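This report concerns only the one structure given below.
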Amino acid sequence: MTLTTAVRPRRTSPADDGDRGALSGPDWRRPSVRWGMGGTHVLLLLLLVVVGLGPMLLLAKFAVTPTQDILRTPMAVFPHGIAWENLERAWNDVQISRYFMNTVWLAAGSWFVQLVVATTGGYALSVLRPRYGRVVQALVLSTMFVPAVVLLVPLYLTILDPPLLGRSLVDSFWAVWLPAGASAFNVLLVQRFFDSLPREVFEAARVDGAGPYRLFWSVVLPMSKPILGVVSVFAVIASWKDFLWPLLVLKDPAIQPLSVRLPAIEASTDLGVFLASLAIATVLPVVMFLGFQRLFLRGAGLGGAVKG
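In structure tokens form, the structure reads like this:
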């Protein structure tokens, strides 16, 4: 005789409805709670939009607003029309175009140097793993505990009389590019990402005859697009807003970036034109972040790039 036991469906409790927040499903079905929380969410969203986009939108408005309107009625919406000539005067008369290109060149060079140092350093510490790797990693990590302002004087003396070169690097873009590569944070960040990559892929590449350089160029770098995007955003934005070091080593106004020249021309520039110059200076970092935001968010978790 075979006894069959009927399997009764398990009764779901309120906790099994997928609600893991402070309010349960029955609470959300109450009109007062639903409308109250919905209104709170809308207010918080509006507050975030105002705090995050408000200053940028206000700067964009001031960039095309006549100076008298900025001083008299700053919150009015173009009472006497739009002054598009502010942008033209800022680009041509104030020579923002020259300083903008200087900043682009400085940011591009700093980005390239930082990317080369970070990827090669992280590759050596994470994939090649020499015997002295732990010592080098400890030394790199120790440099993060030294305040940057303490290094200004010795770094400036090194740039003033660099060894083996025989000539000063002052008033040269190399004076900004080379020190930018000494970023311990980027090296350790890339190393941690390389640590999460599957070692089976490296072993398979070595079995197929790939040497260290081929492994780095053809295997590791293609798998590291998220972290390369993160380092790129950090490098460009840091270079774009850097003020003190370019002020010390780039004394010629013709090669100074926007971060140095904008404070210098503020007193002698019309307010509307100056705000237009500030608006132009913010365009590239915003566009770059929007373009790299997907890679930036993917790399924030530092997860593995390949599974299986």
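Position one of the sequence shown corresponds to residue 53 (this note's numbering), numbered consecutively onward. Each residue gets a CB set at the ideal place from its N, CA and C atoms; glycine is no exception. Nothing here was measured: the structure is a model prediction, and the numbers come from that model.
- If you draw a straight line from the Cα of valine 272 to the Cα of tryptophan 226, it is about 28 Å long.
- Secondary structure of phenylalanine 130 (DSSP, three-state): coil.
- In the displayed model, alanine 190 falls within a helix according to three-state DSSP.
- Excluding the 5 residues flanking it on each side, tryptophan 143 has same chain C-beta neighbours closer than 6 Å at Ser149, in chain order.
- In the structure shown, alanine 135 adopts coil according to DSSP, grouped into three states.
- Between tryptophan 163 and alanine 287, the CB-CB gap stays under 7 Å.
- One Cα belongs to serine 329, the other to leucine 314, and the distance between them is close to 8 Å.
- Of the residues assessed, tyrosine 175 falls on the buried side of the cut-off, its CB having 16 or more other CB atoms within 10 angstroms.
- About 5 Å separates the beta carbon of phenylalanine 344 from that of glycine 281, a gap short enough to meet the 8 Å contact definition.
- Contact between the region 304-311 and the region 103-122 is not established, with fewer than three Cβ pairs separated by less than 8 Å.
- Annotation: alanine 234 to asparagine 138 spans about 39 Å, alpha carbon to alpha carbon.
- Ranked by Cα distance from tryptophan 229, the options Val94, Ile317, Gln166, Leu100 are led by Gln166.
- Residue state for phenylalanine 295 is assigned as coil, using DSSP reduced to three classes.
- For glutamine 120, the three-state secondary structure derived from DSSP is helix.
- The three-state secondary structure of aspartate 145, taken from DSSP, is helix.
- Annotation for valine 146: Ile317, Thr321, Val325, Ser329 place their beta carbon closer than 7 Å to its own, counting only its chain and skipping 5 residues before and after.
- For the 7 Å CB-CB criterion, phenylalanine 245 and isoleucine 279 form a contact.
- When rounded, the separation of the alpha-carbon atoms in alanine 236 and methionine 127 is 44 Å.
- Taking a 10 Å sphere around the C-beta of aspartate 260, we find fewer than 16 other C-beta atoms and assign the residue as exposed.
- Rounded to whole angstroms, the gap between the alpha carbons of glycine 173 and serine 76 is 50 Å.
- Taking 7 Å as the cut-off, the Cβ atoms of leucine 327 and valine 312 do not count as close.
- In this structure, valine 242 sits near alanine 170, with a CB-CB distance shorter than 7 Å.
- Sequence-distant partners of tyrosine 151 (beyond 5 residues in either direction) whose C-beta falls short of 7 Å from its own C-beta, in its chain, are Gln308, Pro309, Leu310, Arg313.
- Distance between aspartate 213 and leucine 207, taken at the CA atoms: about 10 Å.
- By the CB criterion at 7 Å, alanine 159 and serine 284 fall outside the cutoff.
- Every alpha helix (DSSP H) stretch that sits fully inside the region 231-262 and reaches 4 residues is listed by chain position as 236-247, 251-259.
- DSSP, reduced to helix, strand and coil, places glutamate 140 within a helical segment of the structure shown.
- The Cβ atoms of leucine 267 and alanine 257 lie closer than 7 Å to each other.
- By the Cβ-count criterion, aspartate 121 is buried, with 16 or more other Cβ atoms from all chains shown falling within 10 Å of its own Cβ.
- With contacts defined as CB atoms closer than 7 Å, glutamine 189 and leucine 180 fail to qualify as a contacting pair.
- The continuous alpha helix (DSSP H) containing valine 102 extends over residues 83-115.
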